[in-house]
Amino acid sequence: MSTAWHLAQLNVARAVAPLDSPPLADFMAALDRINALAEAQPGFVWRLKSDSGNATDIKVSDDPQFIINMSVWTSPETLFAYVYRSAHTEVMVRRREWFEKPSEAHQVLWWVPAGKMPTAEEGLERLAHLRRKGVTPQAFTFKERHPPPGDGGAATDHKPEPYCVGWA
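Numbering (our numbering), first residue to last: 1 to 168.
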């Protein structure tokens, strides 16, 4: 794996109710714990956050129930381990309680030069690219992950847990 590149990820969601309402109470209560868990994981580099310590109050839309999450990791394996093999999973499997079923792609991965922290706008542009063009080396998913620029090779499937993928 190239040390010249890190993996950025963005995911977006629209809450089923205002973030300060009872239906979102468990989600909001878990944020500090889950964010601290991410920051303690091997391979964690950076995450988007405001002065409050999370990203739920970073508004990129006029919709107050639309939230984003973005982070950077040393490799797909370290991000995958956090998402699918840590206590993060117990929160993620409850997302159907807290967020509307997305009608299009809601997560995107892409490579950034090591040391570069992407902006929310860049992440949203990558997500739009994925939605328009499908999986490419510029915007991809765990299901069809592309190698870092210059590393060659084909896209691979990280085989995420079925109960965590999709919105059945």
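All C-beta atoms, glycine included, are put in the ideal place defined by N, C-alpha and C.
Computed from a prediction, not measured in an experiment: that's the story for all the values here.
Cβ-based burial, residue i [other Cβ within 10 Å; buried from 16]
{"i": "alanine 36", "result": "exposed"}
{"i": "proline 148", "result": "buried"}
{"i": "aspartate 151", "result": "exposed"}
{"i": "proline 76", "result": "buried"}
{"i": "arginine 131", "result": "exposed"}
{"i": "alanine 168", "result": "Since pLDDT at alanine 168 reaches only 48, below the 50 mark, its modelled position is unreliable, and no value is offered."}
{"i": "serine 71", "result": "buried"}
{"i": "proline 118", "result": "buried"}
{"i": "glycine 53", "result": "exposed"}
{"i": "threonine 3", "result": "exposed"}
Alpha-carbon spacing of residue i relative to residue j, whole angstroms
{"i": "threonine 56", "j": "tryptophan 98", "result": "13 Å"}
{"i": "arginine 33", "j": "alanine 40", "result": "11 Å"}
{"i": "alanine 8", "j": "histidine 106", "result": "14 Å"}
{"i": "tyrosine 82", "j": "glutamine 138", "result": "22 Å"}
{"i": "glycine 110", "j": "alanine 25", "result": "The residue asked about is misnamed: residue 110 is tryptophan in this sequence, not glycine. Cα to Cα, the separation comes out at about 31 Å."}
{"i": "threonine 74", "j": "aspartate 63", "result": "32 Å"}
{"i": "alanine 87", "j": "glutamate 104", "result": "26 Å"}
{"i": "valine 91", "j": "alanine 29", "result": "11 Å"}
{"i": "arginine 47", "j": "histidine 146", "result": "21 Å"}
{"i": "lysine 133", "j": "alanine 120", "result": "20 Å"}
{"i": "threonine 136", "j": "proline 102", "result": "21 Å"}
{"i": "cysteine 164", "j": "lysine 116", "result": "Note that cysteine 164 has pLDDT 47, beneath the 50 cutoff, so the model's placement of it is unreliable and the number below is only indicative. Taking the straight line from one Cα to the other gives about 29 Å."}
{"i": "glutamate 122", "j": "proline 22", "result": "32 Å"}
{"i": "arginine 95", "j": "alanine 15", "result": "9 Å"}
As assigned by DSSP and simplified to three states, the class of residue i
{"i": "alanine 139", "result": "strand"}
{"i": "methionine 92", "result": "helix"}
{"i": "alanine 120", "result": "helix"}
{"i": "proline 8", "result": "Correcting the residue type first, residue 8 is alanine in the shown sequence and not proline. Residue state, collapsed to three classes: strand."}
{"i": "valine 60", "result": "coil"}
{"i": "proline 147", "result": "coil"}
{"i": "proline 102", "result": "coil"}
Contact belief for residue i with residue j at Cβ below 8 Å, rounded distance in angstroms
{"i": "arginine 126", "j": "valine 112", "result": "About 10 Å; that fails the 8 Å criterion."}
Task: Whole runs of the beta strand (DSSP E) within the region 11-55, excluding any shorter than 3 residues - done: Listed in chain order, they are 44-47.
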